[in-house]
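Single-structure report; data block below.
Numbering (our numbering), first residue to last: 251 to 395.
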């Protein structure tokens, strides 16, 4: 675990409603749509979802951020963000089988011990495919106290 700055550039962004069980399908479908739209994904896909609503059985608003090779015009599929910067985030890498709730509690404790506090109700998840298996970097935005 560490506190880092994250930056994505030339980001195609979309908003969808999804349950936590649908997140991988949402990521894969969004990445496929990028290709269908004639774009090239040139970085890991990130999503943001409310921490307080994450465990809900009801669909939650999910933002999907996909770095692409060129600046795009907003269209029916995607909006465009030139630079997405998360100045201070506590980050923890885990597999899909790991306990997400425990990881979030550990991240909050790590932040507190290191003089930071979580300042947003958003959980950022960056998905990286490694030999066909997804690994997730969880990120919580923090500020020094």
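Note that CB positions come from ideal geometry on N, CA and C, so glycine has one too.
Uninterrupted beta strand (DSSP E) stretches inside the stretch 314-362 (no shorter than 3 residues): Counting whole runs of 3 or more residues, the stretch 314-362 contains the beta strand (DSSP E) stretches 329-345.
Classification of residue 320 by the beta-carbon crowding that lies within 10 angstroms, buried from 16 upward: In summary, residue 320 is exposed, with fewer than 16 beta-carbon neighbours lying within 10 Å of its beta-carbon over all protein chains present.
Through-space distance from residue 356 to residue 286, alpha-carbon basis: Cα atoms of residue 286 and residue 356: separation of roughly 39 Å, rounded to the nearest angstrom.
Bridge partners - residue 391, DSSP secondary structure assignment: 339, per the DSSP bridge assignment.
Nearest to residue 280 (by Cα), restricted to the options 360, 255, 329 and 372: Nearest to residue 280 by alpha-carbon distance, out of 360, 255, 329 and 372, is 329.
CA nearest to the CA of residue 349, picked from 363, 340 and 388: When only C-alpha atoms are compared, the closest one is 388.
Nearest-angstrom beta carbon gap, residue 274 and residue 384 [assumed within contact, 8 Å]: Taking 8 Å as the upper bound for CB-CB distance, residue 384 and residue 274 are in contact here, some 7 Å apart.
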